[in-house]
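Asks: Here's a structure for you.
Residue numbers (the working numbering): 1 to 440.
Set out below in structure tokens:
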């Protein structure tokens, strides 16, 4: 039994997030820092944790979290940030991209930020049962149930007092409460010595963020926003929601939740293999992981739209009553992305591979480890926030680590991002890193 700030990791994932391992929030800036490790990114939180062996082959674990903490995302204006309004202390939203910040303020084209809407510290707990089966080549199975609050921020808003009126419009980050997760996992070793593991998770009532442009324009009564069309009652009953419907239903000046809830399944498998005495190295280590995400009952993009890179702008909507959707989209979006691409899809998948060679004693007490990493999002757009997959996105990382006497370490690396530049926010963020560390 342990009580206090701690990290509890469940599941079998190595690279792909949003699976079973949702207990602790993550410090993303710390994870991106040169020389960082996964342990540096997991934020300990106050909880009561215990484990008990029921038999020689069956054990149970449980935890109750005593506080809520959120994932720390990249600050606005920093290298990896993809927006300037969600992180702590950031905002407001400037509506006119062709005007300076001061011009937006003078014209009243700003949407101010209100206080974050945080969940309570209570109602977060989980139970895991582990079953070891020696007859199946020493396979271990895990069964999980977790109830938790979202670690990632969604953006919700308050509508203006009238159509195209920004004076009362506002937004806030909101963290969805009471998500229920059910999962199963396994890990084993093949007769050839390859470690295999996998997990399946089912999240009930998980939040998926509305497209930010649809939320923004819906809040000020733009009749072509799917958020406006789906959240305002069709009082007139003519199949097209208008400003008159919004006024009659009392839509203006009210809080608007920025996400819907869906059930989400995620399946992933991981393989780890070691090959000794190859390519002049003492050992070659290869880790591969493949995963897929499925959103149950996600509506067609013509009905409701989720996700998509903010800078892609307003997308093409159905031509409601022949009213000229393309003209509306073109007026709001000068970036050449007046289409229906890039939004969250019901199915998405991708894979990750990392290979490292270990060269021991290349000089007195010096070990060298070159590493190659590759990530490929093959198909579909995963739900956000914290989306795993953006179709066509690829990442290549190269690094070289020098270790001296197992105490001193120096590492240089280079990472390049490419593929799907229209909807990949990191497509222009290639970077080189250097780090030096000392272990004691």
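By construction, the Cβ of each residue, glycine as well, lies at the ideal position given by its N, Cα and C atoms.
Computed from a predicted model, the values in this text were never measured in an experiment.
Ignore the nearest five residues each way along the sequence and tell me which others in residue 119's own chain have a CB closer than 7 Å to its CB.
Replies: Cβ within range, chain order: 68, 149, 175, 177.
Asks: Check this for me: beta carbons of residue 172 and residue 135, under 9 Å apart or not?
Replies: Taking 9 Å as the Cβ cut-off, residue 172 and residue 135 do not qualify as a contacting pair.
Asks: With DSSP run on the structure shown, which of helix, strand or coil describes residue 30?
Replies: Residue 30 falls in the helix class under three-state DSSP.
Asks: Look at residue 23 and residue 12 and say whether their C-beta atoms are less than 9 Å apart.
Replies: Cβ distance not < 9 Å, so residue 23 and residue 12 don't count as in contact.
Asks: Is DSSP giving residue 38 helix, strand or coil here?
Replies: Helix.
Asks: So does the segment 213–224 actually touch the segment 150–161, counting three or more Cβ pairs closer than 8 Å?
Replies: Flag = yes, the segment 213–224 and the segment 150–161 touch.
Asks: In angstroms with no decimal places, state the Cα-to-Cα distance between residue 37 and residue 237.
Replies: Cα to Cα, residue 37 sits roughly 57 Å from residue 237.
Asks: What does DSSP give as the partner residue(s) for residue 256 in the beta ladder?
Replies: DSSP, once it has assigned bridges, lists 157 as partnering residue 256.
Asks: Alpha carbon to alpha carbon, how far is residue 193 from residue 273?
Replies: Spanning the two alpha carbons is a distance of roughly 7 Å.
Asks: State the Cα-Cα distance for the pair residue 310 and residue 419, rounded to the nearest angstrom.
Replies: Approximately 17 Å between the Cα atoms of the pair.
Asks: Please go through the same chain and pick out, in chain order, the residues whose beta-carbon is closer than 7 Å to the beta-carbon of residue 379, but skip the five residues on each side of it.
Replies: Around residue 379: 348, 349, 391.
Asks: So what does residue 180 bridge to, in DSSP terms?
Replies: Paired residues: 147, 204.
Asks: Are the segment 101–113 and the segment 44–64 touching, with three or more C-beta to C-beta distances below 8 Å?
Replies: Segments in contact, no.
Asks: Taking DSSP as the reference, what is the three-state secondary structure of residue 396?
Replies: Note: residue 396 maps to strand in three-state DSSP.
Asks: For the alpha helix (DSSP H) holding residue 105, just list the boundary residues, first then last.
Replies: First-last of the alpha helix (DSSP H) with residue 105: 101–106.
Asks: For a test of the three-state rule: what should DSSP assign to residue 266, helix, strand or coil?
Replies: Residue 266: strand per DSSP, three-state reduction.
Asks: Between residue 365 and the rest of its own chain, which residues show a CB-CB distance below 7 Å, the 5 nearest in sequence each way excluded?
Replies: Result list for residue 365: 404, 405, in chain order.
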